[in-house]
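Each residue of the sequence shown is one higher than the one before, starting from 6 at the first, in the working numbering.
From the three backbone atoms N, C-alpha and C, an ideal C-beta is built for every residue, glycine too.
In this text the structure is predicted, and so the values were computed from the model without any measurement.
Below is one structure; the comments refer to it alone.
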Amino acid sequence: MNTITCDHESSSKYLQTLFNIKRSMHNLSPTAQDEQWLAHYKKILSDDFTSMNMANILALIHPDFYTKNGESIAELLNWKNNNKFASGILKTDQCQAKEYTGIPCIFNEIPDIRGKCQADHKWPNSLGGPSILDNRLILCKFHNGMKSNDISHFNWRTAPNWLKEYHCKLYRLKS
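In structure tokens form, the structure reads like this:
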């Protein structure tokens, strides 16, 4: 497993800031899962903070990496191998660029390219988007390469409930 070593005080403060933001989000309206997260947070931070396991850091920063339903953090870090999110793309699946950009993909009309698609997150994984089918976007290699973490393209009017809850917590944190 990878280990992040915080040699500099600034690196340590940066990670501590990320943890504090995440902790604040869980404190806004704590659920049973939030309380488990807070207990996990306190346990990890009681360890030597200068050398933390990458899995532990990701578990604190990002909700998808937190242990759920008895799965280990290592299993969650390996989600691509055992998750329906990345699997199950059919050769008949077409690029959903229209959902992302508003313009249909021209490659859907080319038989040799059609069906060679990739799964990506509608709401970026790096910004808290979960790896669930509701957040999956099937894109051709070209459009997936164009996609970034720029959330200005996201269709806010049809946002799923999990995103609305996440957004409400962020809004309350900001207030």
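Where residue i sits in the DSSP three-state scheme
{"i": "Ile94", "result": "coil"}
{"i": "Cys100", "result": "coil"}
{"i": "Ile111", "result": "helix"}
{"i": "Arg177", "result": "helix"}
{"i": "Ile137", "result": "coil"}
{"i": "Leu82", "result": "In this prediction, Leu82 has a pLDDT of 44, which is less than 50 and means its spatial position is unreliable; what the coordinates show is noted afterwards. Leu82 falls in the helix class under three-state DSSP."}
Straight-line gap, residue i to residue j (C-alpha atoms, nearest Å)
{"i": "Ile115", "j": "Thr97", "result": "12 Å"}
{"i": "Gln99", "j": "Asn113", "result": "6 Å"}
{"i": "Asn140", "j": "Lys127", "result": "5 Å"}
{"i": "Asn135", "j": "Leu95", "result": "The sequence shown places Pro at residue 135, not Asn. Whole-angstrom Cα-Cα distance: 21 Å."}
{"i": "Ile156", "j": "Cys173", "result": "16 Å"}
Segment limits, alpha helix (DSSP H) that includes residue i
{"i": "Asn149", "result": "Lys146 to Met151"}
First and last residue of the uninterrupted beta strand (DSSP E) at residue i
{"i": "Asp125", "result": "Cys122 to His126"}
Residue from the options whose Cα sits closest to the Cα of residue i
{"i": "Cys110", "options": "Cys173, Met151 and Ile156", "result": "Met151"}
{"i": "Tyr105", "options": "Gly133, Cys173, Ser136 and Pro129", "result": "Pro129"}
{"i": "Lys103", "options": "Ile156, Asn154, Ser153 and Leu144", "result": "Leu144"}
{"i": "Lys146", "options": "Lys169, Asp139, Asn154 and Ala124", "result": "Ala124"}
{"i": "Cys122", "options": "Cys173, Lys169 and His148", "result": "His148"}
Neighbourhood of residue i by C-beta distance below 6 Å, restricted to the same chain and skipping five residues each side
{"i": "Gln101", "result": "Leu142 and Ile143"}
{"i": "Lys169", "result": "none"}
The ligand COA heavy atom lying under 7 Å from the CB of residue i
{"i": "Gln123", "result": "No copy of the ligand COA occurs in the structure displayed, which carries no ligand at all."}
Neighbourhood of residue i by C-beta distance below 7 Å, restricted to the same chain and skipping five residues each side
{"i": "Asn154", "result": "Pro129, Ser131 and Leu132"}
Spatial neighbours of residue i in its chain, beta-carbon cut-off 8 Å, leaving aside the 5 residues before and after
{"i": "Ile108", "result": "Ala102"}
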